[in-house]
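Residue numbers (this note's numbering), protein chains in the order written: chain A, 27 to 317; chain B, 146 to 419.
Working notes, beginning with the structure itself.
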Amino acid sequence: MIDQLLTMLGGETAAMILRATVLLAIGLVTAPIGSRLVRRFASRRFSVHHVQLMRRLVFYGVLGLFVASALRELGFSLAVLMGAAGVLTVAVGFASQTSASNLISGLFLIGERPFSVGDIIRVGQTTGEVLSIDALSVKLRTFDNLFVRIPNETLIKTEVTTLTRFPIRRLDLALGVAYKEDVDKVREVLFELAERNTLCLDEPPPLFIFSGFGDSALQLQFSVWATRENFLALRNTITVEIKTAFDAAGIEIPFPHRSLYAGEATKPFPITLVEPARPAPDRKPPEPAQD
Amino acid sequence: MNEQSRQEDIAGRGRWWTPRTVAVGHTLHCRIGPLTLELHHAPGEWDIGMRQDAEHGDEITAELDLHGGPLTLDDYQRFMFSRDDDQIRLTPVPADRAVVIKPRQAVFLPSGEETLLYVSSPVMVRIEAGADRTLLREVPALRLSDTWFGSSTREGELCYSGRTQARHVLEEVPRRSYRAITPARIRNEGITPLPLDKLSVPVPALSIYGDGDGALWTQGISLVRGAESELAALTVDDGPPDFAGPVTLLSGPREPRTRGALVRAFSVLFGQGA
Numbered sequence: 027m028i029d030q031l032l033t034m035l036g037g038e039t040a041a042m043i044l045r046a047t048v049l050l051a052i053g054l055v056t057a058p059i060g061s062r063l064v065r066r067f068a069s070r071r072f073s074v075h076h077v078q079l080m081r082r083l084v085f086y087g088v089l090g091l092f093v094a095s096a097l098r099e100l101g102f103s104l105a106v107l108m109g110a111a112g113v114l115t116v117a118v119g120f121a122s123q124t125s126a127s128n129l130i131s132g133l134f135l136i137g138e139r140p141f142s143v144g145d146i147i148r149v150g151q152t153t154g155e156v157l158s159i160d161a162l163s164v165k166l167r168t169f170d171n172l173f174v175r176i177p178n179e180t181l182i183k184t185e186v187t188t189l190t191r192f193p194i195r196r197l198d199l200a201l202g203v204a205y206k207e208d209v210d211k212v213r214e215v216l217f218e219l220a221e222r223n224t225l226c227l228d229e230p231p232p233l234f235i236f237s238g239f240g241d242s243a244l245q246l247q248f249s250v251w252a253t254r255e256n257f258l259a260l261r262n263t264i265t266v267e268i269k270t271a272f273d274a275a276g277i278e279i280p281f282p283h284r285s286l287y288a289g290e291a292t293k294p295f296p297i298t299l300v301e302p303a304r305p306a307p308d309r310k311p312p313e314p315a316q317d
Numbered sequence: 146m147n148e149q150s151r152q153e154d155i156a157g158r159g160r161w162w163t164p165r166t167v168a169v170g171h172t173l174h175c176r177i178g179p180l181t182l183e184l185h186h187a188p189g190e191w192d193i194g195m196r197q198d199a200e201h202g203d204e205i206t207a208e209l210d211l212h213g214g215p216l217t218l219d220d221y222q223r224f225m226f227s228r229d230d231d232q233i234r235l236t237p238v239p240a241d242r243a244v245v246i247k248p249r250q251a252v253f254l255p256s257g258e259e260t261l262l263y264v265s266s267p268v269m270v271r272i273e274a275g276a277d278r279t280l281l282r283e284v285p286a287l288r289l290s291d292t293w294f295g296s297s298t299r300e301g302e303l304c305y306s307g308r309t310q311a312r313h314v315l316e317e318v319p320r321r322s323y324r325a326i327t328p329a330r331i332r333n334e335g336i337t338p339l340p341l342d343k344l345s346v347p348v349p350a351l352s353i354y355g356d357g358d359g360a361l362w363t364q365g366i367s368l369v370r371g372a373e374s375e376l377a378a379l380t381v382d383d384g385p386p387d388f389a390g391p392v393t394l395l396s397g398p399r400e401p402r403t404r405g406a407l408v409r410a411f412s413v414l415f416g417q418g419a
């Protein structure tokens, strides 16, 4: 019986296996070569992420073709295989729904390019520098040097702010001055100090907006422009300068006020000045009354 | 102060770019407009102290004073050398960005008219040590405010912002030791008056010249607003202006002059007012 089996295998089957092996070997050799060729020709024209994506496509595409051919040589019907693969894909798809969603989102991110490696982005409460944009997630380094991984799906669904897209940025300062102050004078003081600050851009000009009548202060907005590199430096310097300039000009930045009325609004509270209490001499506590 | 230094001082009064000899242990104290520099020669090192004050407009001439002793400024940088070379040289160089100059009052140039305005921009001071002119530092004589010059907040160029009286009489132009004067010839061939709200002077493409009195000059620039197009032809003259008298070239342009860069949209040169 063993002899019969060997005879059967020896002829046609051995040749099939040999052909399949050769096809597989060719696939294993050509797929990396194709991938390398893509890198060589595409790296100059496309971004790192696009090249990486193309390399993977070429690698798995070529390898897949050769594997399929090898399986056909072995006598497997490709139609059946495809059917099985379809069923398997559905099963795997259900199981790895999140990963697949992230993968697809990653493709959209790469296509849309809302930011690139090195940009500073803000997602929700997290602000940081983009370290890498990968298939499943984007890695950030926050300014307190933490590593944050954000799934691509989150980036597609939520609002992402790229802080380093444009060369200049506006700093909005909300200020409050006392009701007794002359708004024109406040405006003059603010514009003067903006002109003196070398980091504050001359153009676009600073913006002064009267925002409204607050509970205890006149609410103002003062907006100044800076290059994105100097943004933080401007924020630190101009706030200190505003405080100093307001102090020098006698402009009051009020704290919340509350008025108390004693029933009759026109009548002030009676105030009596008393002598400061002298330190009491050592006294014995009054003795309890004795019957 | 030794005899050689004294001779140099007499020869170079006002002209602060003349090379100086500072022996070990001595300090050169320089006042170039609002900029105060102290260059101390210690064994095997140069210490450079710097202070910048606000511009008052009356700092006309530069003052250089050599004395023995250490620096008086607290804020200084140290540059180490393996050998001692007593020579130190300060050179005026053009600023590293274009300077956008705004006239203090609105200036208009009617159709078909031509004018010659004198605008000045602060230079930067390059400090070089030794006979082989090793670069130590480059500091602005006056730190101008930054400004953005472009059609939108997305596209444009970071420049320095300056003010000008837009003088057109040469005698009225103050000769200041830290500002280079650029004669700007502007011609309006358009049919409407040309408002000169802002003028972007391509300082990095200009050379700096110095005259015997210590005044600094650049080449003249010419701007022509065409009759039809909004394109302005900006040309930089080949040499220093004739009326500057005998001058010497102190430093060349930072950026090579390319023909393509000289024809720019008029709005780029004159802001949005054009």
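Every residue, glycine too, gets a C-beta built ideally from N, C-alpha and C.
Since the model is a prediction, treat every value here as computed from it, not as a measurement.
Asked: Tell me whether the beta-carbon of D356/B lies closer than 7 Å to the beta-carbon of V314/B.; Found: no
Asked: How should E283/B be labelled, buried or exposed, when 16 other C-beta atoms within 10 angstroms of its C-beta is the threshold for buried?; Found: exposed
Asked: Take the Cβ of E320/A as the centre, count every other Cβ of all protein chains shown within 10 Å, and call the residue buried at 16 or more, exposed below.; Found: The requested residue 320/A does not occur in the structure, where chain A is confined to residues 27 to 317.
Asked: Sort P280/A, P296/A, E278/A, I279/A by Cα distance to L286/A and report the nearest one.; Found: P296/A
Asked: Between the region 378 to 393 of chain B and the region 213 to 223 of chain B, are three or more C-beta pairs nearer than 8 Å?; Found: no
Asked: Spatial neighbours of R271/B within its chain, please: CB distance less than 6 Å, with the 5 preceding and 5 following residues excluded, ordered by chain position.; Found: T236, V238, E283
Asked: Considering V130/B, what are the terminal residues of the beta strand (DSSP E) in which it resides?; Found: This structure leaves residue 130/B out entirely; chain B is present only between 146 and 419.
Asked: Consult DSSP for A187/B and reduce its assignment to one of helix, strand or coil.; Found: strand
Asked: Just to confirm before moving on: does the CB-CB distance between G132/A and N171/A stay below 7 Å?; Found: no
Asked: Given a limit of 9 Å on CB to CB distance, which residues of the region 206 to 218 of chain A reach chain B?; Found: none
Asked: Note the first and the last residue of the continuous alpha helix (DSSP H) segment covering L181/A.; Found: 178 to 183
Asked: Relative to the alpha-carbon of A220/A, which residue among E255/A, K269/A, L107/A, F120/A has its alpha-carbon at the smallest distance?; Found: K269/A
Asked: Runs of 3 residues minimum, wholly inside the region 229 to 281 of chain B: which ones carry the beta strand (DSSP E) assignment?; Found: 232 to 238, 244 to 248, 259 to 267, 269 to 274
Asked: Under 7 Å, Cβ to Cβ, is there at least one residue of chain B near D273/A?; Found: no
Asked: Would you say L280/B lies against chain A (beta-carbon separation less than 7 Å)?; Found: no
Asked: When the distance is taken between beta carbons, is L225/A closer than 7 Å to A259/A?; Found: yes
Asked: Report the residues of the region 276 to 303 of chain B with a CB closer than 8 Å to any CB of chain A, ordered along the chain.; Found: R288, L289, S290, D291, T292, W293, F294, T298, R299, G301, L303
Asked: In this structure, does DSSP put S103/A in helix, strand or coil?; Found: coil
Asked: For A40/A, name the three-state secondary structure that DSSP assigns.; Found: helix
Asked: Identify whether F67/A lies in helix, strand or coil by the three-state DSSP scheme.; Found: helix
Asked: Would the region 178 to 190 of chain A and the region 227 to 247 of chain A be scored as touching if the rule is three or more Cβ pairs under 8 Å?; Found: no
Asked: Enumerate in chain order the residues of its own chain whose CB-to-CB distance from R167/A is below 8 Å, with the five nearest sequence positions on each side excluded.; Found: G154, E155, L157, F173, V174
Asked: Using a Cβ-Cβ distance cut-off of 7 Å, determine whether E278/A contacts chain B.; Found: no
Asked: Just reading off the alpha helix (DSSP H) that T13/A is part of, what are its end residues?; Found: Past the boundaries of the shown model lies residue 13/A; chain A is included only from 27 to 317, so the question cannot be answered.
Asked: Quick check on the DSSP output: what are the complete alpha helix (DSSP H) runs of length 4 or more inside the region 194 to 236 of chain A, in order along the chain?; Found: 209 to 222
Asked: Take the Cβ of D291/B as the centre, count every other Cβ of all protein chains shown within 10 Å, and call the residue buried at 16 or more, exposed below.; Found: buried
Asked: Is there a Cβ of chain B sitting closer than 7 Å to that of F141/A, yes or no?; Found: no
Asked: With a threshold of 7 Å between beta carbons, is S266/B in contact with chain A?; Found: no
Asked: Determine, using beta carbons only, whether G194/B and F226/B come nearer to each other than 7 Å.; Found: no
Asked: Going by C-alpha distance, which of I235/A, F281/A, D198/A, S237/A is nearest T265/A?; Found: D198/A
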